[in-house]
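Report on the following structure.
Residue numbers (this note's numbering): 691 to 977.
What follows is the structure, given as structure tokens:
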């Protein structure tokens, strides 16, 4: 799920309330004999991994599900941070593209994605004798369109940050206090979030989106999105950078890249970058 974009100013500091929630989270984790953290390398899962590792030490594992929907650059960042934290990091192939419900990309696509993650995590937990599967959901994440939550609940996974009420902003505050490089990282989301509901997802299409977004990064546009609309690639960048992306040299480079990747048209969304933009159609249909 492509969630709210919420990068924070550099002077962000953790409040006493956030620090108290952190203490409660640490106590909650310390009471667990062992656990696996489902870890993507994003802001929330990195924070949970750090706190859980501090609480459980060698009884804690990180698990990253590797698939075409996880961008290679994000996987590398996840691996690097896990190494820096000294966590035993499991890389396990997931096969959500084999699930018809996922490939067809219905409105509850995230349910099928999270189901595949839970199948993988449950198997690893059983193999290792781990008692708990932990998900880095924050208290803000339980709002809005969240079909993936249903899958994690069906498999008995736990959301410890929700239990103690930690919000996204508080997670960023505390991550900064810990010195985690993820504290101000733009919100991550799987590459499948770039496809409008009903548009079929394939390995080839995911690869095209990933390569286009890599091209944006190379041009200095970090954390932006390329939305896949069949023959159209719709680029979202922050409103403050709209003039930069239509600068002639940059525009020409993106047009060439888009054509190379098989898009007939390359457009820039004048509304700018907002995560979850493909859910806007759901909001309109829902009144």
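We put the CB at the ideal spot given by N, CA and C, even for glycine. Please read these numbers as outputs of a predicted model, since none were measured by experiment.
What does the Cβ neighbour count give for residue i, buried or exposed, with the cut at 16 atoms within 10 Å?
i: residue 861; result: buried
i: residue 891; result: buried
i: residue 713; result: exposed
i: residue 692; result: A caution first: residue 692 carries a pLDDT of 41, below 50, which makes its placement in the model unreliable, though a value can still be read off. So residue 692 ends up on the buried side.
i: residue 707; result: exposed
i: residue 723; result: exposed
i: residue 763; result: exposed
i: residue 804; result: buried
Cα-Cα, which of the options is closest to residue i?
i: residue 776; options: 766, 767, 748 and 763; result: 748
i: residue 850; options: 838, 865 and 824; result: 824
i: residue 895; options: 704, 943 and 760; result: 760
i: residue 733; options: 840, 941 and 866; result: 866
i: residue 829; options: 841, 836, 943 and 853; result: 853
i: residue 822; options: 904, 879 and 720; result: 720
i: residue 889; options: 937, 794, 729 and 802; result: 794
At what residues does the alpha helix (DSSP H) containing residue i begin and finish?
i: residue 743; result: 733-746
i: residue 959; result: Premise fails: residue 959 is in no alpha helix (DSSP H) and is neither H nor E.
i: residue 751; result: No alpha helix (DSSP H) holds residue 751; the beta strand (DSSP E) holding it covers 750-756.
i: residue 935; result: 932-935
i: residue 854; result: 850-854
i: residue 727; result: Here residue 727 belongs to no alpha helix (DSSP H); instead the beta strand (DSSP E) covers 725-728.
i: residue 864; result: 858-868
i: residue 844; result: 837-844
Kindly indicate which three-state DSSP category residue i falls into: helix, strand or coil?
i: residue 806; result: helix
i: residue 874; result: coil
i: residue 801; result: helix
i: residue 792; result: helix
i: residue 953; result: coil
i: residue 911; result: coil
i: residue 879; result: coil
i: residue 760; result: coil
i: residue 714; result: helix
i: residue 891; result: coil
i: residue 885; result: coil
i: residue 901; result: helix
i: residue 964; result: coil
Skipping 5 residues on each side, what residues in its chain have a beta carbon closer than 7 Å to that of residue i?
i: residue 818; result: 751
i: residue 755; result: 782, 784, 807 and 810
i: residue 952; result: 898
i: residue 870; result: 736, 737 and 740
i: residue 868; result: 740
i: residue 814; result: 726, 753, 780 and 782
Less than 6 Å between C-beta atoms, sequence neighbours within five positions excluded: which residues of the same chain meet that for residue i?
i: residue 924; result: 917, 957 and 959
i: residue 945; result: 956
i: residue 948; result: 923 and 956
i: residue 927; result: 911, 914, 935 and 963
Since residue i is in the beta strand (DSSP E), which residue starts that stretch and which ends it?
i: residue 924; result: 922-926
i: residue 778; result: 778-783
i: residue 824; result: 823-825
Quick one: what's got a C-beta closer than 8 Å to residue i's C-beta in the same chain, skipping five residues either side?
i: residue 658; result: Beyond the ends of the chain as shown, which are 691 and 977, falls residue 658; an answer cannot be given.
i: residue 705; result: 860 and 863
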